[in-house]
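Step one of this worksheet: look at the structure below.
Numbering (this note's numbering), first residue to last: 214 to 823.
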């Protein structure tokens with residue numbers, strides 16, 4: 214991430230680089246023989262116990278697990294014959310990051326296709342690269358690189374963000390008299406922030422959020438498609454091109470939506486409604502293509518039919534919510550519809566359906582168990598806990614995300630957003646700004662803040678992707694404000710609020726992402742325990758949010774300096790705080806007691822690990 218961050222700063226033409234991949238596994242290994250019900254499975258669980266869904270038989274060379282129904286894939290833990298596990302170094306690294314992998318099964322079903330030599334090879338068969346079944350994760354044995362066309366898709370956002378940032382610095386915005394700002398909204402992804410900075414207010418922030426989410430959801434659908442079932446063939450690349458064209462059209466039309474409309478001016482109202490219509494239409498087109506792809510996969514892949522249909526319905530339902538925007542002309546009604554569409558899109562119909570199906574299946578299992586197990590006096594029957602995700606019926610497959618691919622894409626995108634902050638800091642020196650000037654000092658302070666935020670950002674850990682879109686939105690608002698503060702010493706109070714709240718909420722969401730990693734490391738294994746670090750970060754976030762209250766007595770350079778002080782304080786705390794505690798410290802005994810009690814996620818962890 215640091216290399217990418219540096220390239221964004223020094224390069225005008227760039228793309229996110231590929232992460233260094235661990236040693237690749239040997240190819241040519243035979244595939245799992247799914248037709249044989251007695252095909253052996255090698256159990257690689259660290260405790261050596263049987264983990265098959267059926268009855269496991271301990272043998273000298275591992276455990277023989279039973280295969281499940283017609284899909285033919287093994288249900289036991291471990292790997293099939295001839296299917297090597299990941300490189301030991303890579304496996305140890307993954308265990309430290311994501312926990313023990315005794316629930317992971319490595320398969321060869323979705324091995325990369327050979328180079329195309331015939332026309333029909335240009336379109337490859339549909340494939341699901343990893344999935345969840347019977348409480349286990351089936352995945353490829355080695356991480357895969359991000360295809361170039363996925364990076365090209367991200368490049369669209371990079372190029373337009375950089376172009377619009379330069380346009381904003383040149384002061385080319387056109388503000389109308391009747392409408393406060395003609396050039397409003399969207400992101401791809403800084404146009405919304407630039408419009409909001411022209412008229413800093415709560416209404417402008419609301420407009421920014423309402424137009425930010427649709428573009429984010431398009432990028433999110435593209436990421437999921439490439440992660441779960443991307444084949445990088447002609448069909449996949451064509452879909453990426455369609456998505457880029459549609460999001461370009463959405464951006465151009467959403468940027469013409471004004472914050473206020475001249476009431477009584479029929480021509481003005483007609484123009485504004487046409488912009489809403491066009492932006493909605495472009496968004497619906499790309500979403501419709503995604504639904505078609507999901508239903509096509511449901512038709513071609515029977516083992517995943519139910520899950521793919523549910524996924525298609527989850528994309529289709531928000532489309533019906535947004536559809537009335539084509540006809541509704543009332544601005545209040547448009548805001549309500551857009552807000553409802555965001556809520557429905559975030560809830561995900563398929564996840565709700567999985568939860569209900571799993572609980573129905575679990576309740577039925579509990580009833581069957583209760584019939585065979587009489588309950589004694591004072592005993593209670595086991596119930597269903599609503600905070601736990603129950604297992605699905607035998608043979609039900611749910612497509613899963615590849616964690617390495619998700620980390621690389623999400624991290625690259627956050628760096629892209631930070632790159633916009635850096636680009637807004639660049640300026641052309643005039644005669645009064647040559648050398649080490651005041652403007653240079655403000656730009657340097659802004660760069661120090663961007664560097665600190667890049668340092669504080671943690672690699673994402675699914676399923677907390679919902680924390681990333683508000684994180685990116687906050688950083689985009691802060692980046693728009695940074696350009697104004699570098700250009701002028703005296704700015705509106707709203708610009709200070711954008712800077713303080715943008716950084717404050719970004720720190721807040723980074724802290725929440727950190728707290729979601731609680732099961733991956735013991736609480737007292739580091740010099741400064743995670744809860745203490747999180748508490749300090751929350752206080753710092755609150756301080757950044759409230760700093761603009763004193764904006765009457767603060768200049769732009771003072772606001773930038775406060776941002777540097779708080780973010781660098783957090784960096785120093787994290788650098789020292791995440792170091793492992795020496796074995797002789799008092800926390801070692803406390804951690805040992807927690808291990809003996811069987812603390813969740815801490816059984817196989819040593820103090821030196823973290």
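Think of the CB as a built atom: it goes at the ideal place given N, C-alpha and C, for glycine as much as any other residue. Quick caveat, the model's predicted, so the values are computed rather than measured.
In angstroms with no decimal places, state the Cα-to-Cα distance between residue i and residue j.
{"i": "residue 426", "j": "residue 682", "result": "8 Å"}
{"i": "residue 691", "j": "residue 634", "result": "7 Å"}
{"i": "residue 613", "j": "residue 699", "result": "44 Å"}
{"i": "residue 335", "j": "residue 423", "result": "39 Å"}
{"i": "residue 832", "j": "residue 470", "result": "Not covered by the structure: residue 832. The range shown for the chain is 214 to 823."}
{"i": "residue 546", "j": "residue 534", "result": "12 Å"}
{"i": "residue 575", "j": "residue 516", "result": "21 Å"}
{"i": "residue 688", "j": "residue 776", "result": "13 Å"}
{"i": "residue 679", "j": "residue 625", "result": "16 Å"}
{"i": "residue 650", "j": "residue 710", "result": "25 Å"}
{"i": "residue 568", "j": "residue 330", "result": "44 Å"}
{"i": "residue 450", "j": "residue 487", "result": "31 Å"}
{"i": "residue 640", "j": "residue 769", "result": "16 Å"}
{"i": "residue 179", "j": "residue 643", "result": "Residue 179 lies beyond the range of the chain shown here (214 to 823); nothing can be said about it."}
{"i": "residue 441", "j": "residue 571", "result": "22 Å"}
{"i": "residue 436", "j": "residue 540", "result": "31 Å"}
{"i": "residue 707", "j": "residue 749", "result": "26 Å"}
{"i": "residue 647", "j": "residue 433", "result": "43 Å"}
{"i": "residue 367", "j": "residue 767", "result": "37 Å"}
{"i": "residue 606", "j": "residue 365", "result": "40 Å"}
{"i": "residue 628", "j": "residue 489", "result": "30 Å"}
{"i": "residue 659", "j": "residue 715", "result": "13 Å"}
{"i": "residue 694", "j": "residue 538", "result": "31 Å"}
{"i": "residue 565", "j": "residue 729", "result": "21 Å"}
{"i": "residue 686", "j": "residue 630", "result": "9 Å"}
{"i": "residue 357", "j": "residue 684", "result": "27 Å"}
{"i": "residue 201", "j": "residue 447", "result": "The structure shown has nothing for residue 201, since the chain only spans 214 to 823."}
{"i": "residue 495", "j": "residue 585", "result": "57 Å"}
{"i": "residue 420", "j": "residue 583", "result": "54 Å"}
{"i": "residue 493", "j": "residue 543", "result": "15 Å"}
{"i": "residue 577", "j": "residue 560", "result": "26 Å"}
{"i": "residue 579", "j": "residue 762", "result": "56 Å"}
{"i": "residue 615", "j": "residue 573", "result": "28 Å"}
Tell me which same chain residues have a C-beta within less than 7 Å of the C-beta of residue i, skipping the five on either side of it?
{"i": "residue 430", "result": "558"}
{"i": "residue 444", "result": "337, 340"}
{"i": "residue 759", "result": "none"}
{"i": "residue 668", "result": "784"}
{"i": "residue 746", "result": "786, 787, 790"}
{"i": "residue 740", "result": "789, 790, 792, 794"}
{"i": "residue 704", "result": "697, 698, 769"}
Hey, out of the options, whose CA is closest to residue i's CA?
{"i": "residue 757", "options": "447, 577, 718", "result": "718"}
{"i": "residue 666", "options": "579, 421, 632", "result": "632"}
{"i": "residue 726", "options": "653, 623, 792", "result": "623"}
{"i": "residue 462", "options": "447, 497, 721, 445", "result": "497"}
{"i": "residue 661", "options": "504, 779, 538, 786", "result": "779"}
{"i": "residue 355", "options": "366, 363, 342", "result": "342"}
{"i": "residue 348", "options": "604, 581, 541, 464", "result": "604"}
{"i": "residue 637", "options": "648, 653, 608", "result": "653"}
{"i": "residue 724", "options": "751, 712, 715, 713", "result": "751"}
{"i": "residue 617", "options": "556, 538, 439", "result": "439"}
{"i": "residue 663", "options": "712, 578, 466", "result": "712"}
{"i": "residue 670", "options": "495, 579, 781", "result": "781"}
{"i": "residue 353", "options": "318, 494, 655, 421", "result": "318"}
{"i": "residue 536", "options": "491, 578, 560", "result": "491"}
In chain order, what residues of the same chain have a beta carbon less than 6 Å from the beta carbon of residue i, not counting five sequence neighbours either side?
{"i": "residue 346", "result": "610"}
{"i": "residue 507", "result": "521, 524, 525"}
{"i": "residue 754", "result": "717, 720, 721"}
{"i": "residue 203", "result": "Shown here, the chain extends from 214 to 823; a query on residue 203 therefore has no answer."}
{"i": "residue 385", "result": "With a pLDDT of only 34 at residue 385, under 50, the local geometry of the prediction cannot be trusted, and no value is derived from it."}
{"i": "residue 562", "result": "526, 527, 530"}
Once the 5 residues before and after residue i are set aside, which same chain residues still bring their CB inside 8 Å of it?
{"i": "residue 369", "result": "401, 457, 460, 461"}
{"i": "residue 532", "result": "497, 500, 501, 504"}
{"i": "residue 453", "result": "362, 363, 365, 366, 435"}
{"i": "residue 774", "result": "658"}
*asked:* Quick check for students: name the residue ranges of the alpha helix (DSSP H) that lie wholly in the segment 734-794, counting only runs of 4 or more.
replied: 743-759, 769-790
**Touch test, the segment 509-524 against the segment 539-557, Cβ-Cβ under 8 Å, three pairs minimum** = no
Requested in this report: Quick one: which unbroken alpha helix (DSSP H) runs of 4-plus residues sit fully inside the segment 605-689? Chain order, please.
Outcome: 616-638, 651-669
* Could you tell me which uninterrupted alpha helix (DSSP H) segments, each at least 4 residues in length, are contained entirely in the segment 534-567, listed from first to last along the chain? => 544-560
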